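Asker: Taking our numbering, the leading residue of the sequence shown gets 55, the next gets one more, and so forth.
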Amino acid sequence: QNLGGWVRRQCPPWIPVVAVTGSCGKTTTREMIALVLDFQGRKVHSTQGNLNNHIGLPLTLLRTPPSASALVLEMGMSGPGEIHTLAQIATPNVRVITNVAAAHTEG
């Protein structure tokens with residue numbers, strides 16, 4: 055997590071770092087944002103698959119190529135406080151919340 059955060063802090067401030075979270079629709083929203091940024095001519099690096107947790111997000115950041123001119127990061131939550139932790143790692147300058155609902159609850 056610390057190394058992923060360090061990689062993020064090396065990105066120039068003009069690079070959009072978009073964080074996408076919410077109860078559902080994260081992956082579709084992330085993919086649409088990445089397509090729009092790509093269409094604008096940016097070299098987009100984004101979360102692959104479901105690497106959207108405290109392990110996957112730092113891995114995504116560690117895989118950021120030097121040529122990237124935009125990051126689109128998906129953030130999932132499996133427990134209280136996890137989005138806060140992920141946001142501290144990614145320090146996004148654009149934040150997208152798809153929706154907020156009781157999701158994946160049992161009982």
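Don't be surprised by glycine CBs; every beta carbon is placed ideally from N, CA and C. The model shown is predicted, which means the values in this text are computed figures rather than measured ones.
Three Cβ pairs or more, each shorter than 8 Å: is that satisfied between the stretch 148 to 156 and the stretch 92 to 111?
Answerer: They do not touch, by the three-pair rule.
Asker: Output the boundary residues of the beta strand (DSSP E) element that contains His138.
Answerer: Element bounds for His138: not the beta strand (DSSP E) but the alpha helix (DSSP H), Glu136 to Ala144.
Asker: Count the other C-beta atoms from every protein chain shown that fall within 10 angstroms of the C-beta of Leu125, then say buried if there are 16 or more, exposed otherwise.
Answerer: Buried.
Asker: Beta strand (DSSP E) containing Val50: first to last residue?
Answerer: Residue 50 lies beyond the stretch modelled for the chain, which goes from 55 to 161, so this question has no answer here.
Asker: In chain order, what residues of the same chain have a beta carbon less than 7 Å from the beta carbon of Ser121, not counting five sequence neighbours either side?
Answerer: Excluding positions up to five away in sequence, the list reads Lys97.
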